[in-house]
């Protein structure tokens, strides 16, 4: 399946290669560079490239291209999903999936890649199994290792691969037994010029951090499970239980993981927590334009909207912007033409406003396109869909765990057209 | 190794020689990198005695490999360390070896023996890793070794090793494709494997080695479907894709009726196909009439079992299921995949890209499916262009009369985007909407005309091209637009647009008679500076004008043609020459001239604007080939549906039981693995035997009385007999009436006559033997039918019988007590036991069925000496227990059912050279060790000579298992039989206990494998306790199955009997009369096993087993439901 993997940074250096079958020369990447050049933008490099003898399937993560070489028919998503899993694993191990992190831990990276694929077919992709095989580096351990010469390899043979529950380590022990669930909801929306909602939906995830000893069997139930329209599960969840009782029943992996992701059924009207008033106009035959944006809270259930950031991709003709803000600070990147306005918290008493003059390239025709505003915000202690966790029960272990649920609402792809 | 240019420059020529920048231990951050310049010191380090130095060196070497630098000259130094004790060094050596072995084959051979040793290691993980590395070394010389290793590993005990073997198959195949036939054999074997761990890997091997051997799948089809949900995610993708292909060859199209009817109007669209479709129609109609379509249950099974996987977090799995549904499901059901696919659009942009391509293809065929999600395809300004364009494609495909206005409004927003490529694509999309939906054609056209005044040239050009296509549809009404466009020739510079305008004017020059010559004039002026494509259209325009309006344009045309004659481009010169000959009448031009007008001004059909994704669906969706729209290497065609379904019986498997259980324990898998692969052989055996009791059902009558008779001394034997007899699901209550009671008594009398045994206990226990029951069956059983059961008169005596019986089956620690209690009862009814002779002789006379052999007891089994003592001590406590049972059993007392003991053959007469050995589970505690299961073994000597020194030796046991051997039997006379009891601690698993049975002259390898129901001992419980315990054992520990009770199994007692027969459990009282509860503890670990059978209305019932031993629970559900279903 997956023949080889090349990691390439933004400047086109191949800084790591790994082959699971016979060696494929680096020159195969030239086809990739060609496509990259053609695409102009990193986002537009086609994920699948056909070359005379191979197929290249690539992903772009954290300024690194993961380019895999394929020789025969394989579902492209299979490879893409796997590459993302590799990147996730690096993230998990090194805290970041960057070129430096990979280069600093090249041996561990190599060991990981060796375990994750056998002859190009995924072998162990569960982070719990991998961690049993290869211990993640910590500062303490690397110091100890360099002194004592001991290694990152697990000393004992990993039994996780053999178990019924491959996602969980065999012997887990904690002094404090805790289970935390973060219900995170994101609002995806497109608001049109007049302020009416073209499209809005709520996507949510439940991220869990579970540190429980032994083999706990948890079941998590909701007050209003019917809200969840489309759900995708971590493999640990028992599908039948969900189908019949709408209860999430599972033996959790150890540590951090994403329990479910869901979409709230589209029948429910989505409450949009902020509104944006905007006047952006460019005068004909003059080298200036007007920019005036006000943002205010709306339907926020009495909670504070915070962490508000507005990003605007201005037309290419814009040279500079002279603006004043009543709250927060703004920056304008004249190269990328991106205006970023970091507002922070919105208080209804005094609505944040940013206005001023846009300087255009002299002589250039008036830009026809209107930039759209991308808004980010956060609301703590609120799940905008109204989803509520009812209770968490634990079976199979005697101790009493500490349980916690946190709700948070964020803007997802929240765009205001002007 | 070629490094990137920048890199090699920096390194100079020495880049291949271990520049240690990354060849250094990452922990020290490359500070000391300059200390090591050459490989020499690496070699030194590798040769040193210190593991830490070796590790350091290996780390540097691996870092070099990672950079793509050549480290092959270190091979000899590295390969020496292949047997290093340090795990990390070892692993890194493996990494090195796999990378360079191909280049240094001779040296690589040095390492082979290490791996061969590893293949024999007792630890499965080491075996697996040895095989993994061995098979990854691509050295052709070792092909035979690899083949051998794979074959061996394919029958390894550990599923993990078998998985590794499956992985190794494609490796070997790519190394030497001549091995195909042998490899297929291994694949075939592994396909039959029942563990989820292996399933994914072996199907992958199948796909790589022999995807054409679809016949190998038949027998495994249902199993794969059932296992699917529990297979790891990557395996799921491979299996689903393979099953899609399989289903296409084996089942009929679920849409055959609709699709034929529906495609027809479409076909009629293209004139040439019309006839075909007419032909098809009657065919289709008659087909429908002949054979109403019924979906094959296996087809349904596949659809049903894959559906939950749409909820997977893995995009590849979701896509695989989606394509399966798209290709296989009836039209009405395909819709379910839309939601899941739309969900994937939230994922990474690469995933979006792939999914959108597939959605684009699907939305052409099944537009309705995605219509509800229209808004999810709306485009954001932040989407990458390639995603935008795909979304646009989908939106266009989804457009219809009802939603077109919303879509067009969206498009208006898009046209103002900054991304010009995207704007151009939008304009084309508008054009497509306009062609497809007549209602909005004018609106679109007007909109596009407005765009002609756009400042951006690209936008205008694209609009022109699209307008041209639209105008072709109804040219007459649009002369205004054509005039407008003619004016544009002054400004528009984009060649394609200019060419389009010129073509339009030429085509419709009669609608704009005044403007056309003027345009030609302008173009003639600028002819030399035009692009080729424009020049061709100028010539075209000139020719058309010459034909329609030669007066005004004759000279201009001449001029243009002259210019063209000397053009650089030969196409243009050619065209000019050709046209001149055609239109300007000369002597030579001949007949063609007359037709010039027809040639140039013929009615041209309007172009059809259609999606580039049309017809892509002949590639399997989700595949690389579909994405590239070209056949990728190794792509397996998705076959068309067959006209006639191939024989569905090929998928029948003898062992249907595997599919009885549909309940999965959530997504949790592999629970069934242990039972199935270990049990499969024994199960068939068991089944045969189970069938016999079917008859004996009606005759098992003697069972209860006899067990009641049995006395304390015989604990170990007799009880075991009665216990096991009760365990048989078979025995039927029907025959128990007074008569039957009489019979059994009679029989005992017979026995008395037959033989004078030294011990009465022995004799009585013998009375309860199954063989005897069978005998009886043979004689009278058939006359009696279950309906007899309820006979009032028989009740009292039967009650007693059943008490003792059930108590023996329920007895927890010391069922002996019950026995002793039952003794008086039996005495009341039967002749005094003291006078009973051993029944041996009489039985021998009737020995017809091999089971009979069981009855023959030899005088001195090893245990009895000790057992009486135990009995007496525990007597009191057990009496208490008994009263409890009594109460709990009253409701079922009316007509309990008993059955024959299931016996298993340990050694067949033939194989044992005259010595035949059988065993059964007597369901008694094994006094020397309560954690052991008692197994009663019966030897019979069918030889002419004495068999001496019968004993057990060399047990080969799975770790944790223990055997308590029976005392050696000194000698066994010819024709004689002997009974012994041995204890086996099975560790609560159904793994077989293997050992050798030795005689003075021979050794026989034998194995005992317990059915899951025998791994437990009954416990007493109150209703409340039961509920409490059950509450603790929910979730994962709870396994539920729905089943249908057959008619003959709908009475209380039958159910109770069958359950207790299938497993060594005791009944727990229960308030509700449609619910049955049973409890037991596993013998080794003492974990509770709770069975609940809830009888719903009709024949439906819910069977629930709660046990923290999930494997046992799963298997028990299977066994009990099987017992009930019989």
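Protein chains in written order, with the numbering used here: chain A, 1 to 418; chain B, 419 to 1544. Beta carbons: idealized from backbone N, C-alpha and C, even for Gly.
In the three-state scheme derived from DSSP, where H, G and I count as helix and E and B as strand, residue 1530 (chain B) is classed as helix. Within the segment 50-64 of chain A, the residues whose Cβ lies closer than 7 Å to any Cβ of chain B are, in chain order, 50, 55, 59. DSSP, read as helix, strand or coil, puts residue 715 (chain B) in helix.
Three or more Cβ pairs drawn from the segment 973-984 of chain B and the segment 945-957 of chain B lie within less than 8 Å of each other, which places the two stretches in contact. Beta bridge pairing from DSSP links residue 341 (chain A) with A:310, A:330.
Residue 827 (chain B) is classed as exposed because its beta carbon has fewer than 16 other beta carbons within 10 Å across all chains shown. Residue 71 (chain A) reaches chain B at 1051, counting residues in chain order whose Cβ is nearer than 7 Å. Between residue 584 (chain B) and residue 616 (chain B), the C-beta gap is smaller than 9 Å, which places the two residues in contact. Using a Cβ-Cβ cut-off of 7 Å, residue 369 (chain A) is close to 834, 835, 836 of chain B, given in chain order. For residue 93 (chain A), no CB of chain B lies under 9 Å from its own CB, so it is not counted at the interface with that chain. Counting only the Cα atoms, residue 885 (chain B) lies some 26 Å from residue 943 (chain B). Along the segment 802-824 of chain B, the positions whose C-beta sits under 7 Å from a C-beta of chain A are 802, 803, 804, read in chain order. The shortest CA-to-CA distance from residue 752 (chain B) to any of B:660, B:739, B:762 is the one to B:739. DSSP places residue 399 (chain A) outside both helix and strand once states are collapsed to three, so it counts as coil.
With a threshold of 9 Å between beta carbons, residue 655 (chain B) makes contact with chain A.
Of the candidates B:566, B:587, B:744, B:652, B:744 places its Cα closest to the Cα of residue 663 (chain B). Every candidate beta strand (DSSP E) stretch fails here, since none sits fully inside the segment 771-824 of chain B while reaching 3 residues. In this structure, residue 859 (chain B) lies away from residue 1029 (chain B), with their beta-carbon atoms at least 9 Å apart. Taking the C-beta atoms as reference points, residue 293 (chain A) is found no nearer than 9 Å to residue 274 (chain A).
Nearest C-alpha to residue 1492 (chain B) among B:1432, B:789, B:1463: B:1463. Taken atom to atom, the span from the alpha-carbon of residue 725 (chain B) to that of residue 1538 (chain B) is near 28 Å. Assignment of residue 1035 (chain B) by DSSP, reduced to helix, strand and coil, places it in the helix class. With fewer than 16 other Cβ atoms from the protein chains shown falling within 10 Å of its own Cβ, residue 1362 (chain B) counts as exposed.
Annotation for residue 324 (chain A): no alpha helix (DSSP H) segment contains it, though the beta strand (DSSP E) segment containing it runs 318-325. Selection B:547, B:592, B:635, B:672 evaluated against residue 657 (chain B) yields B:635 as nearest (Cα-Cα).
Exclusion of the five residues before and after residue 794 (chain B) leaves 760, 763 as the residues of its chain whose Cβ lies within less than 7 Å of its Cβ. Under the three-state reduction of DSSP, residue 1486 (chain B) is assigned to strand. By the Cβ neighbour-count rule, residue 806 (chain B) is buried, with 16 or more other Cβ atoms within 10 Å of its own.
With respect to residue 44 (chain A), residue 804 (chain B) sits close: the two C-beta atoms are nearer than 9 Å. Residue state for residue 913 (chain B) is assigned as helix, using DSSP reduced to three classes. For the C-beta of residue 199 (chain A), the chain B residues within less than 8 Å are, from N- to C-terminus, 793, 794, 796. Residue state for residue 225 (chain A) is assigned as helix, using DSSP reduced to three classes. Taking 9 Å as the CB threshold, residue 663 (chain B) stays off the interface with chain A.
For residue 550 (chain B), the secondary structure class from DSSP, reduced to helix, strand or coil, is helix. Straight-line measurement puts the Cα of residue 222 (chain A) at about 15 Å from the Cα of residue 384 (chain A). Note: residue 278 (chain A) is bridge-paired with A:293 in the DSSP secondary-structure output.
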